[in-house]
Amino acid sequence: MASTPLAKLTPPYLGKIYRRQRLFRFLDEVRSHPVVWISAPAGAGKTTLIASYLEVRKLSALWYQMDEGDGDVASFFYHLGLACEPMVRNRHQPLPLLTTEYLAGLPAFARNFFRELFERLEPPAVVVLDNYQDAPADSVLHEILPCGFSEIPKGVNVIVVSRSDPPAPMVRMHASDSIACLGWRDLALTPEETLAIGKVRGAVRRLGKDEMLAIHRFVDGWMAGLILVLEHAAEAAWSGRLGEEVSRQEIFEYFAGEILDRVDTRTRLLLLTTAFSPGIRPAHARALTGIAEAGEILARLTRQNCFISRHPGARMEYRYHPLFRSFLQARATDTLAAEEVKRVRGKAAELLLEDRDADDAVTLFAATGDWERIQAIVADNAPALIRQGRNRTLDRWIGRFPAEIIDRSGWLQYWSGVCRLPRDPKGAREFLERAFALFEAEHDLRGQLLAWCETVEAVVYEWGDFTPLERWIPLLDPLLSSAAESIPDDLQGRISCAMFMALVHARPDHPDL
């Protein structure tokens, strides 16, 4: 009889690790369900969590490491039977083998096999199926395991550890309340856990609490990312961007080996092409890639915990883990032609605009250097943003422009001044005065009138020296006289209000008051 590799039946060695009491309590609660399914991306700490939980709670455990060979269900039952032998409470006959005569009744065989296996365990006991995602997706194993799990007695649990969510046959176990699931957001490190791990590894003492929290934000709760960063920090001090860049390269190599190099060509293209959008809507993915089943691929990758999360809502979208997205963007820039990257970003921006997501569209257009498109977005959205009090959003958009473009544009100068007016009237006035001069040179009467109104308001809001108004009051009548058409009522109202303020503060004896 062939021997079984020891690693297949052995839990991982636990060195100096942080025991995650938050999740231990969660596991205590969900063990009221016969089956507990742990699904999270590679490097989330799934296996270490379960191994440490079993150790701390002193639970008897049968540990089984799944692999591609378990697609052969006969091999699966054979090796699982071997794993059971060291921990049986009494001497039993070996568990049955899945020989030819049983193949016609696999569900019945699974029920009988697991019933006998569970009878041999001393409660409280746990059967762990680790790396379940390595079992081939087309294996009949996924169909028959729920039959076996239906035999789990009180005091025994099966814990499945996987990068993927439960396959369809096991999802149906929810109806009978037989399965509980822990996902990526449950396993993601909290700031407190990051600090605790840093203490265990001596990093808090070296780096300090603030730097550790900065690292936590950088890795976004991902255990493997944290360990990679701390290993680098052990060799050289984490020094802001330098530390991030060195650690980022190690993390990128991890992503390449664990995900991108393992998927097919179409999936790889989809990942690289959609990485520039902050959120990926299925319709956008289809439009960007030309792949009709793009939505289905994203859903599958999400179930497989490939650092993608699903965000339901009025416009359901998928989002990449920030570090995974950075990796995909870097890989796309390295492997796709520069013109293709520019096209993809521009197309993604237009799709976002169609969905009224101007903020993210501006970010993508800025990456392509399409300043004319952003100027059009500013013109279309600035009045509404100011009415909504979103001055800083508009200011951020304008801040993306190169300085030379802002210097030449009366409207960008104008909106920069309007954005600053509530918090910095003096600084706002400098922009507004430059805007007025540019509008004057361009013979833009509407721009001049608006800049005149806002400049007067800025002087008043400064609430100190009102003498600058002496310069601006005489400028209005010539502007109004030059108007070839009637001035819109809304603008006329603003002009009247601004002139009233100017006269009250600079010429209180004016006959028009």
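Just so we're on the same page, our numbering is the position in the sequence shown counted from 1, plus 30.
We put the CB at the ideal spot given by N, CA and C, even for glycine.
Can you say whether residue 44 is buried or exposed, counting buried as having 16 or more other CB atoms within 10 angstroms of its CB?
exposed
Nearest neighbour of residue 298, chosen from 333, 181 and 362 [CA to CA]
362
In this structure, how does DSSP classify residue 340 when only helix, strand and coil are distinguished?
strand
Helix, strand or coil at residue 187 [DSSP, three-state]
strand
Does the Cβ of residue 527 have 16 or more other Cβ atoms within 10 Å, making it buried, or fewer, making it exposed?
exposed
Could you check where the alpha helix (DSSP H) with residue 512 kicks off and where it finishes?
From DSSP, residue 512 is part of no alpha helix (DSSP H); its letter is neither H nor E.
Touch check for the stretch 127 to 144 and the stretch 166 to 180: three-plus C-beta pairs under 8 Å?
yes
Residues near residue 466 in its chain [Cβ-Cβ closer than 7 Å; skip 5 each side]:
478, 481, 482 and 485
Counting only the same chain and skipping the five closest in sequence on each side, list residues whose C-beta sits under 7 Å from that of residue 335.
69, 70, 71, 193, 194 and 214
Would you be able to state if there are at least three C-beta pairs under 8 Å between the stretch 107 to 114 and the stretch 247 to 256?
no
My guess is that residue 179 and residue 65 are in contact by the Cβ rule of under 8 Å, so how many angstroms apart are they, rounded?
5 Å
Taking DSSP as the reference, what is the three-state secondary structure of residue 458?
helix
How would you call residue 522, buried or exposed, if buried means at least 16 neighbouring beta carbons within 10 angstroms?
exposed
So, helix, strand or coil for residue 293, using DSSP?
coil
According to DSSP, is residue 271 part of a helix, a strand, or is it coil?
Residue placement at residue 271 is flagged as unreliable, the pLDDT there being 48, under the threshold of 50; the coordinate-derived value follows with that caveat. DSSP places residue 271 in helix when its eight states are reduced to three.
How many whole angstroms separate the CB atoms of residue 350 and residue 305, which I take to be in contact at a CB cut-off of 8 Å?
7 Å
So, for residue 489: in the same chain, excluding its five sequence neighbours on each side, which residues have a beta-carbon less than 6 Å away from its beta-carbon?
498 and 499
Mark residue 314 as exposed unless 16 or more other C-beta atoms lie within 10 angstroms of its C-beta, in which case mark it buried.
buried
Can you tell me which residues form a DSSP beta bridge with residue 95?
160
Under the assumption that residue 156 contacts residue 84 (Cβ atoms under 8 Å), give the Cβ distance between them as a whole number of angstroms.
6 Å
Which runs of the alpha helix (DSSP H) fall wholly inside the stretch 396 to 460 and span at least 4 residues, in chain order?
401 to 417, 421 to 429, 433 to 438 and 440 to 450
Could you tell me if residue 295 is buried or exposed, where buried requires 16 or more neighbouring beta carbons within 10 angstroms of its beta carbon?
exposed
Counting only the same chain and skipping the five closest in sequence on each side, list residues whose C-beta sits under 6 Å from that of residue 534.
none
Suppose the cutoff is 6 Å on Cβ atoms and the five residues either side in sequence are ignored; what does the same chain contact list for residue 211 look like?
67
Per-residue DSSP class, three states only, for residue 214
helix
Run of the alpha helix (DSSP H) containing residue 82, from where it starts to where it stops:
76 to 86
Quick check on residue 36: does DSSP put it in helix, strand or coil?
Bear in mind that the predicted position of residue 36 carries a pLDDT of just 49, short of 50, making it too unreliable to give a figure here.
So is residue 504 buried or exposed if we call it buried at 16+ other beta carbons inside 10 Å?
exposed
Note the first and the last residue of the continuous beta strand (DSSP E) segment covering residue 370.
From DSSP, residue 370 is part of no beta strand (DSSP E) but of the alpha helix (DSSP H) over 368 to 384.
Assigned secondary structure, residue 181 (DSSP; H/G/I helix, E/B strand, else coil):
coil
Among 372, 398 and 517, nearest to residue 546 - alpha-carbon criterion:
Within the shown structure, residues of the chain are numbered from 31 to 543, placing residue 546 beyond reach of any answer.
For residue 538, collect the residues of the same chain with a Cβ closer than 6 Å to its Cβ; drop the 5 residues on either side in sequence, then sort them by chain order.
none
When DSSP labels each residue in this structure, what does residue 1 get in the three-state scheme?
Only positions 31 to 543 of the chain appear in this structure, which leaves residue 1 out of reach.
Between which two residues does the beta strand (DSSP E) carrying residue 348 extend?
347 to 350
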